[in-house]
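Trainee:
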Amino acid sequence: MLEVEHLAVSYGPLPALHDVNFNVDEGQIVAVLGTNGAGKSTTLKTLVGLMRPNAGSIRYRGEPIGGVATYDLLRRGIALVPEGRRVFAHSTVQENLELGAISRTSNAEIQQSFERIYALFPRLKDRRTQLAGSLSGGEQQMLAIGRAMASKPALLLLDEPSMGLAPIFVNQIFELLVELNEQGTTILVVEQNANLALEIADRAYVLDGGRTVLSGSADEIMNNEAVTAAYLGA
């Protein structure tokens, strides 16, 4: 579904990614792990067109998408839940979801998506007329995921979904990711909480210094003591 090969990206003269490689097969949950500064967020920004690659290739369903506009990628079925949630604080929950569906044209299908999102996130349904900025951090993360799901993505990208959340919300978010995956959404999650990400992932990649340094099944990464000590903070 998604193939990234030898990806290199710079912030002006400063290189951020040197040689990032990974694949996401349809139906999988794939985790990208690494410490701060490893290049995880830059990778996601490049995948959704917010940064342009200097070298390498990104292919989505066989088509090259490196440098394709973000709006076009959304129409093709790729949606991002950004780090820090970034909900529209002065808009209601419902208005945030409507903005997420802006690339779609069928009102009937959009309404079906809203019903699905509210079924997944009952807290949001109870607060649908509430301003997003007044929600708790966990509720805002649910809204950020719901807003991305309103575009009906085939591939959902998440940047540090556990960041700043209480443990009870973190567990709920990751349980919901598993449910979304079981319902047919392919997921790529960038996460510092490596153990939690590996619990739900099929496959994992570790970035270090802007390069892919390790890959394997989630079980292989989790059970390799040397890997855990070197890259996962154990």
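Each residue of the sequence shown is one higher than the one before, starting from 1 at the first, in full-length UniProt numbering.
Every residue gets a Cβ at the ideal spot worked out from N, C-alpha and C, and that includes glycine.
1. Does the beta-carbon distance from R203 to G216 come in below 9 angstroms?
2. At which residues does the beta strand (DSSP E) containing F169 begin and terminate?
3. Assuming E160 and E191 are in contact, meaning their beta carbons sit under 8 angstroms apart, how far apart are those beta carbons, in whole angstroms?
4. Cα separation between G37 and V178?
5. Identify every residue that forms a DSSP beta bridge with Y60.
6. Which residue's Cα is closest to the Cα of V81: P15, P167, L120, L143?
7. If I measure Cβ to Cβ from A16 and keep anything under 7 angstroms in the same chain, skipping five residues before and after, which residues do I get?
8. Of all the alpha helix (DSSP H) runs that stay within the bounds of the region 8 to 38, which reach a length of 4 or more residues?
9. Does the distance from the C-beta atom of S103 to that of L74 stay below 9 angstroms?
10. Any idea which residues DSSP pairs V48 with across the strands?
11. Relative to the alpha-carbon of N21, which residue among L214, Q172, M222, N224 has its alpha-carbon at the smallest distance?
12. Given a threshold of 16 other Cβ atoms within 10 Å of its Cβ, counted over all protein chains shown, does Y71 qualify as buried or as exposed?
13. Just grab the DSSP bridge partners of A55 for me.
14. Could you check if R85 is buried or exposed, using at least 16 other CB atoms within 10 Å of its CB as the buried criterion?
15. Rounded to the nearest angstrom, how far is the Cβ of A31 from that of A201, given a contact under 8 angstroms?
16. If you scan the region 68 to 145 from start to end, which runs of the beta strand (DSSP E) of 3 or more residues do you find wholly inside it?
Mentor: With the given structure in hand:
1. For the 9 angstroms CB-CB criterion, R203 and G216 form a contact.
2. No beta strand (DSSP E) holds F169; the alpha helix (DSSP H) holding it covers 167 to 182.
3. With a Cβ gap of about 6 angstroms, E160 and E191 count as contacting.
4. Answer to the nearest angstrom: the Cα atoms are 27 angstroms apart.
5. Note: Y60 sits in a beta bridge opposite L2, E63.
6. When only C-alpha atoms are compared, the closest one is L143.
7. Result list for A16: V9, S10, G39, T42, G210, in chain order.
8. If only uninterrupted alpha helix (DSSP H) runs of at least 4 residues are considered, none is enclosed by the region 8 to 38.
9. Annotated as proximal: S103 and L74, with beta-carbon spacing under 9 angstroms.
10. As far as DSSP is concerned, V48 takes part in no beta bridge.
11. Nearest of L214, Q172, M222, N224 to N21, Cα basis: L214.
12. Looking at its Cβ environment, which holds fewer than 16 other Cβ atoms inside 10 Å, Y71 is exposed.
13. Note: A55 is bridge-paired with A8 in the DSSP secondary-structure output.
14. By the 10 Å Cβ count, R85 comes out buried.
15. At roughly 4 angstroms, the Cβ-Cβ gap stays under 8 angstroms, so A31 and A201 are in contact.
16. With a minimum length of 3 residues, the continuous beta strand (DSSP E) runs that stay inside the region 68 to 145 are 78 to 81.
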